[in-house]
Every structure is written in structure tokens, then in C-alpha cells.
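Encoded as C-alpha cells, the structure appears first; notes follow it.
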Amino acid sequence: MSDPAPRAHPGFGLRAVSVRREQRTVLTGIDVELTEHRIGVIGLNGSGKSTLVRLLNGLLLPTTGTVTWNGLDTRREAKRVRRAVGFVFQNPDNQIVMPLVGEDVAFGVRNLGLPRAEVPVRVRAALDRFGLGDLHDREAHTLSGGEKQLLALAGVLIMEPEVVVFDEPTTLLDLRNVRRLGAEIAALDQQVIMVSHDLDALAGFDRVLRVEDGRVVDDGPADAVITGYRRRWG
Ligand SMILES: Nc1ncnc2c1ncn2[C@@H]1O[C@H](COP(=O)(O)OP(=O)(O)OP(=O)(O)O)[C@@H](O)[C@H]1O
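Number 12 in full-length UniProt numbering belongs to position 12 of the sequence shown; there are no gaps in the numbering.
Structure (C-alpha cells):
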């Protein structure tokens, strides 16, 4: 049997993008279309990976050039882009906003205009999905780092975004949860863009970009780009 047709998404367009922060150019000459189903971003510490993915939902605006999702400019259509593009931060403390676990996951969905009774049902399902069901009434700040990371992910996925951007989602996770997250990501219908130092986690991705000194220096199938990176720095 032949492979299923690769899934394409509306995707992102980055045109002539540069980012300057505090007088330094941290990204430059970025011209890419990102439409594949699962795209990884790799590179050394400080190369510009987080900066690149923060552009995708308008968390950060380019200093020059344009960033669009589905044709919507992140500068002019910030609200619509942010609603469509979920972002899972490297540090979950940046993302957890309510005192109790259940309240935190419910926070975003309360504003979606769902029938009132549906919110707790969705919250339970989102927590159960990541093995956090027993923690519903816990104070979020008492969770372990890994539990917080899964909570942050549950809080993003419950919003049913059209794209999920992950910035190093596995740094706090143990082996079992790395596997759990990998399986969740593999099963997502949404487009996934993921920054990771865990190169094994990106095997099987449709495309990988390698960033070095603020530029995309390699871009292609996961195997080839990861092999090139290992050769260069491994
Ligand atoms: N707000 C800021 N002000 C000044 N410099 C910044 C700012 N944010 C990022 N930088 C710099 O931009 C460069 C790229 O940072 P970025 O976080 O994108 O790297 P990264 O590839 O994600 O690194 P890591 O793998 O260590 O997470 C770094 O040199 C960083 O110090």
C-alpha cells in the first residue's frame, strides 16, 4: 500500500523577516513557507529558534518583513492568528495563569461561548488525556515541572487550535511522558511546529529547519537535516 498523501495546511509565510533585539540582529534573511504537517526546528543554544517560532503566532513581531498564517498578517490580525495558533512554552510557568489545575485548564475555554455545562466535561477530558485527572483540585504551583508542562499542553489543546507550536516541550519530562507526548503529537490532526534539542523526537517529521546564527542554514527532510547537524556539531 502506498503512503497516505502528505497533509498540507494553510501554513505560514515568512518573507524577508529579520528580528532585532536590543541592538542585536537575532534573526535575518528568513524566507520560508511552512505548510507541512509536522515541522521541526533545531540548532545550537542561542541560534534563534525560539525567536523564530514566537513570530508564528504574533507573540513577537518581525522588525522587518512579514509573517502570515493562512494569509493573515500577525501584525494586523493578531487576535485571529493567536486564536488559531496555540503555543506551548518551554517554561510552563509562563503559561499557567490560575491557582487551581482545573481552573487553569478551564480559563481559555470559558471564553469560547460553549454551553456552560460543557466546560467541566471538556476540562476533565483534557486532564485525563495527560494523566492529570487526579490533580484537578490541586494548586497548580505545587505540581512537578513535568506535570506543569503537561498541564500547559492540556490548556492549549483544549482550545482546539488549528496549529500547535511547541518550544522544547520535553525538557522537564521523564521518559514515560516523553513517549506519551510523542504519541500525542503523532496523533494530532493539527499542524505541529516544534523546536527541540531531542533529535529523536523529530524523526519522522515531514521537514526540519536548522537555524544557525539567526539564519536558516538547512531545510529539508528530517533525516537529512538531522544527519547534517550531527556531522557538524556531534
Ligand atoms: N528580549 C531579548 N533581548 C535581547 N536579546 C535577546 C532577547 N531574546 C532573545 N535574545 C537573544 O537572541 C538570541 C536567540 O535567542 P533564542 O531564544 O531565539 O535562541 P534559541 O535558539 O531558542 O536558544 P536555546 O536553544 O538556548 O533555547 C540569543 O542570543 C538571545 O540571547
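C-beta: ideal position from N, C-alpha, C; glycine also.
All figures in this text were calculated on a predicted structure; none of them were measured in a lab.
Environment of residue i [buried if 16+ CB atoms lie within 10 Å]
{"i": "residue 177", "result": "buried"}
{"i": "residue 236", "result": "Residue 236 is absent from the model: the chain starts at 1 and stops at 234."}
{"i": "residue 49", "result": "buried"}
{"i": "residue 79", "result": "exposed"}
{"i": "residue 2", "result": "Because residue 2 sits at a pLDDT of 46, beneath the cut-off of 50, its placement in the model cannot be relied upon, and the point is left open."}
{"i": "residue 69", "result": "buried"}
{"i": "residue 210", "result": "buried"}
{"i": "residue 104", "result": "buried"}
{"i": "residue 102", "result": "buried"}
{"i": "residue 92", "result": "buried"}
{"i": "residue 139", "result": "exposed"}
{"i": "residue 142", "result": "exposed"}
{"i": "residue 229", "result": "buried"}
{"i": "residue 53", "result": "buried"}
Unbroken alpha helix (DSSP H) run spanning residue i, endpoints
{"i": "residue 107", "result": "101-109"}
{"i": "residue 118", "result": "118-129"}
{"i": "residue 184", "result": "175-187"}
{"i": "residue 228", "result": "222-233"}
{"i": "residue 149", "result": "145-157"}
{"i": "residue 112", "result": "Run containing residue 112: none; DSSP gives neither H nor E here."}
{"i": "residue 296", "result": "Residue 296 lies beyond the residue range present for the chain, which begins at 1 and ends at 234; the question has no answer from this structure."}
{"i": "residue 171", "result": "Careful: residue 171 lies outside any alpha helix (DSSP H) and carries neither H nor E."}
{"i": "residue 53", "result": "49-54"}
Host beta strand (DSSP E) of residue i (start-end)
{"i": "residue 14", "result": "8-21"}
{"i": "residue 81", "result": "No beta strand (DSSP E) holds residue 81; the alpha helix (DSSP H) holding it covers 78-84."}
{"i": "residue 35", "result": "24-36"}
{"i": "residue 64", "result": "64-69"}
Length of the line joining the Cα atoms of residue i and residue j
{"i": "residue 66", "j": "residue 60", "result": "12 Å"}
{"i": "residue 62", "j": "residue 126", "result": "33 Å"}
{"i": "residue 56", "j": "residue 231", "result": "29 Å"}
{"i": "residue 116", "j": "residue 110", "result": "8 Å"}
{"i": "residue 58", "j": "residue 144", "result": "29 Å"}
{"i": "residue 203", "j": "residue 129", "result": "24 Å"}
{"i": "residue 225", "j": "residue 121", "result": "42 Å"}
{"i": "residue 184", "j": "residue 25", "result": "35 Å"}
{"i": "residue 33", "j": "residue 150", "result": "29 Å"}
{"i": "residue 23", "j": "residue 134", "result": "48 Å"}
{"i": "residue 51", "j": "residue 146", "result": "23 Å"}
{"i": "residue 74", "j": "residue 108", "result": "20 Å"}
{"i": "residue 42", "j": "residue 218", "result": "10 Å"}
{"i": "residue 88", "j": "residue 119", "result": "21 Å"}
beta-carbon residue i near ligand 1 non-hydrogen atom, thresh 7 Å
{"i": "residue 232", "result": "no"}
{"i": "residue 58", "result": "no"}
{"i": "residue 216", "result": "no"}
{"i": "residue 21", "result": "yes"}
{"i": "residue 46", "result": "yes"}
{"i": "residue 43", "result": "yes"}
{"i": "residue 51", "result": "yes"}
{"i": "residue 210", "result": "no"}
{"i": "residue 26", "result": "yes"}
Check whether the stretch 203-214 and the stretch 156-168 are in contact - that is, three or more C-beta pairs closer than 8 Å. no
Can you confirm whether the stretch 186-196 touches the stretch 162-176 when touching is taken to mean that 3 or more C-beta pairs between the two stretches lie within less than 8 Å? Short answer: they touch.
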